[in-house]
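Some notes on the structure that comes next.
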Amino acid sequence: MSLSDPLGWFAGFERPLRVLPRWGAALVLFGAIGALVWSSVAVSRYAQFDAVQKRETVEQREGRSDVDLYARINARMSEGQDYYTAALAEQRADNYPTRPFVTVRLPTMAWGALLWGERGWLFLAITLLGANLLAWIAAPPRATLIERIAVGLLIVACGIGATYERVGLVHDLVAGLLLSLALALYRPSRWWPALIAVALALAIREIALPFVLLWVAFAASQRRWRELGALGTLLALFAIVMAFHAWNVAEARLPGDPVSPGWQGLHGPQIVLNSLIKLTPLLLLQPAVAAPLALLPMLGWSAVGGRQGVFALVWFAGFGLGMALFARANNHYWVLLILPAYAAGIAFVPRALADLARALRGPTRSAASSAAVAPRSI
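Numbered per this note's numbering, the sequence shown finishes at 472, counting up by one with no gaps.
Written out as structure tokens, the structure is:
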């Protein structure tokens with residue numbers, strides 16, 4: 095691999111943890127142990143803060159939630175109002191911000207509800223979960239049968255929100271199912287199904303944009319020009335849609351409408367892990383136990399290798415960093431954009447531990463002999 099393609103070079107390792115030097119493997123292992131211990135303590139404390147914030151929000155909203163807001167918008171539309179008039183009227187009435195324009199959801203799911211109703215969205219979400227199950231069982235490169243079974247179980251367990259009867263009002267959940275499907279479907283020789291899934295996710299939730307930008311970086315690094323051109327076209331269409339959306343929001347906005355407090359939460363990784371706990375079956379466990387389990391998939395994904403493993407690792411880490419920096423306490427639902435794919439990483443934790451143990455033992459004599467005669471490459 096050429097150093098002009100660093101992403102492709104790194105993705106060329108089938109078992110990246112296995113090829114680490116001893117000091118590198120020790121660093122990863124002890125770093126992971128330290129992070130797991132830290133998460134248990136830090137998230138337990140953050141969960142107490144989050145509970146207080148949640149009570150205050152419920153009191154301010156008088157028990158009404160975001161889902162209720164979107165349901166009322168859909169009800170207005172069913173009576174003949176256009177989306178932007180309905181959305182801004184309801185957000186204004188409930189003291190939800192309408193400025194900047196991204197505080198108003200894209201109309202995609204509301205238009206869908208008008209066409210096929212909430213039952214239609216439920217059917218589509220369950221179908222997407224089923225597609226994720228099939229795609230992810232087949233997706234992991236060089237996975238064992240046990241790993242594939244574990245991946246399937248984790249996808250279903252952490253994608254179970256697709257069966258929520260009001261799923262058509264939860265934008266991030268549907269977008270997350272689509273992004274997870276895109277990650278599973280991508281093949282270098284057949285990338286268009288993943289592109290369709292990503293385009294649909296972007297049409298529902300604009301914060302799916304970082305996934306597309308990461309894909310652009312991979313395609314550019316590997317000089318995949320047709321792929322890059324298709325992604326560029328998608329980004330151009332997205333820019334047009336967002337400009338249209340911004341114009342419509344501005345037209346329906348009134349001078350005294352509420353303004354967003356901004357996104358400068360700086361809550362740290364705790365908000366990411368706590369959100370994962372709240373929105374997966376980990377909710378059944380105490381935060382001190384659940385937090386390390388919520389962090390473990392990162393170790394698992396670091397062991398997968400190949401393009402899929404590297405892309406997943408960078409996507410999950412990057413999204414987590416963005417959420418740690420910008421999410422407010424009530425933005426916990428953002429984490430749905432990495433589910434259920436993120437959770438599948440737990441299936442590869444045994445592989446990660448085995449590869450780290452092998453790296454710590456050092457190369458075998460046969461491996462050392464092979465390395466001695468192997469040609470160097472830049």
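C-beta atoms are modelled at their ideal positions from N, C-alpha and C, and glycine is treated no differently.
Checklist entry - How far does the alpha helix (DSSP H) with Ile371 in it reach, from first residue to last? => result Taken as a continuous stretch (DSSP letters only), the alpha helix (DSSP H) holding Ile371 covers 363–372.
Checklist entry - Just how far apart, CA to CA, sit Phe107 and Leu271? => result A direct Cα-Cα distance of roughly 28 Å separates Phe107 from Leu271.
Item to check | Separation of Arg347 from Ala183, as counted between CA atoms | outcome: Linking Ala183 to Arg347 through their CA atoms gives a straight-line distance of about 9 Å.
Checklist entry - Based on the DSSP secondary-structure assignment, which residues constitute the bridge partners of Val353? => result Looking at the DSSP output, Val353 shares a beta bridge with Arg193.
Checklist entry - When the Cβ atoms of the stretch 252–264 are set against those of the stretch 419–433, are three or more pairs found closer than 8 Å? => result Yes, the stretch 252–264 touches the stretch 419–433.
Checklist entry - With 16 as the cutoff for other CB atoms within 10 Å, does Gln358 come out buried or exposed? => result Exposed, since its Cβ has fewer than 16 Cβ neighbours within 10 Å.
Item to check | Where the alpha helix (DSSP H) through Glu184 begins and ends | outcome: Segment 177–187, the alpha helix (DSSP H) holding Glu184.
Item to check | the stretch 402–410 / the stretch 115–129 touching (three or more Cβ pairs under 8 Å) | outcome: Touching, no.
Checklist entry - In chain order, what residues of the same chain have a beta carbon less than 7 Å from the beta carbon of Arg112, not counting five sequence neighbours either side? => result The beta carbon of Arg112 lies closer than 7 Å to those of Asp449, Arg452, Ala453 in the same chain, with the five residues before and after it left out.
Checklist entry - How far does the alpha helix (DSSP H) with Trp409 in it reach, from first residue to last? => result 400–420 is the span of the alpha helix (DSSP H), which, as asked, contains Trp409.
Next on the checklist: Tell me which residues share the same chain as Arg186 and place their Cβ nearer than 8 Å to its Cβ, disregarding the 5 neighbours each side in the sequence.
Outcome noted: For Arg186, where only same-chain residues beyond five positions count, the Cβ hits under 8 Å are Thr192, Leu348, Asp351, Pro352.
Checklist entry - Buried or exposed: which applies to Glu241, given that a residue is buried once 16 or more other Cβ atoms fall within 10 Å of its Cβ? => result That one is buried.
Next on the checklist: Is there a C-beta anywhere in chain C that falls below 8 Å from the one on Pro355?
Outcome noted: Absent from the structure: chain C. Only one protein chain is present.
Checklist entry - Comparing alpha-carbon positions, which option in Leu114, Gly118, Val135, Arg109 lies nearest Leu367? => result Taking each of Leu114, Gly118, Val135, Arg109 in turn and checking the Cα distance to Leu367, the smallest one comes out for Val135.
Item to check | Nearest residue (CA-CA) to Leu273, options Leu263, Ala423, Pro287 | outcome: Nearest option by C-alpha distance: Pro287.
Checklist entry - Once you ignore the five residues that flank Leu393 on each side, which residues in its own chain have a CB closer than 7 Å to its CB? => result Taken in chain order, the residues that qualify are Ala126, Val443, Ala446.
Next on the checklist: Between Arg158 and Asp188, how many whole angstroms is the CB-CB distance? I'm expecting something under 8 Å.
Outcome noted: Going by Cβ atoms, the distance from Arg158 to Asp188 rounds to 7 Å, so yes, they are a contact pair.
Checklist entry - Since Gly276 contacts Val264 with CB under 8 Å, what's their CB separation in whole angstroms? => result Per the sequence presented here, residue 276 reads as Ala, with Gly not at that position. Incorrect: roughly 19 Å between the Cβ atoms, too far for contact.
Item to check | Residue burial classification, Ser464 (beta-carbon count within 10 angstroms, cutoff 16) | outcome: For Ser464, the pLDDT reaches just 36, beneath the cut-off of 50, and the residue's location in the model is therefore unreliable, leaving the point undetermined.
Next on the checklist: Classify Ala266: buried if its beta carbon has 16 or more other beta carbons within 10 angstroms, exposed otherwise.
Outcome noted: The residue asked about is misnamed: residue 266 is Asp in this sequence, not Ala. With 16 or more Cβ atoms within 10 Å of its Cβ, Asp266 is classed as buried.
Item to check | Arg284 - partner residues in DSSP beta bridges | outcome: According to DSSP, which records beta bridges pairwise, Arg284 is partnered with Arg281.
Checklist entry - Is the Cβ-Cβ distance between Met417 and Val404 less than 8 Å? => result Remark: C-beta atoms of Met417 and Val404 do not approach each other more closely than 8 Å.
Checklist entry - Candidates Pro457, Ser172, Ala229: which alpha carbon is nearest Trp210's? => result Distance check between Trp210 and each of Pro457, Ser172, Ala229 places Ser172 closest, using alpha-carbon atoms only.
Next on the checklist: Less than 8 Å between the C-beta atoms of Ala219 and Val261, yes or no?
Outcome noted: For Ala219 and Val261, yes; Cβs fall inside 8 Å.
Checklist entry - Between Pro194, Ser133, Ala421, which lies nearest to Ala337 when the distance is taken from Cα to Cα? => result Per the Cα distances, Pro194.
Checklist entry - Within this structure, are the beta carbons of Pro488 and Ser354 separated by less than 8 Å? => result Examination of residue 488 is not possible in this model, given that the chain is present from 95 through 472 alone.
Checklist entry - On the three-state DSSP scale, how would you describe Gln147? => result Residue state, collapsed to three classes: helix.
Item to check | Alpha-carbon to alpha-carbon, Glu345 and Ala376 | outcome: Before going on, a small fix: residue 376 reads as Leu here, not Ala. The alpha-carbon atoms of Leu376 and Glu345 are separated by roughly 43 Å.
Next on the checklist: Measuring straight from C-alpha to C-alpha, what distance separates Leu279 and Thr257?
Outcome noted: For Leu279 and Thr257, the gap between their C-alpha atoms comes out near 22 Å.
Item to check | Buried or exposed by the 16-neighbour rule on C-beta atoms within 10 Å, applied to Leu294 | outcome: Flag for Leu294 reads buried.
Checklist entry - So what does DSSP say about Thr327, is it helix, strand or coil? => result Here Thr327 sits in helix by DSSP.
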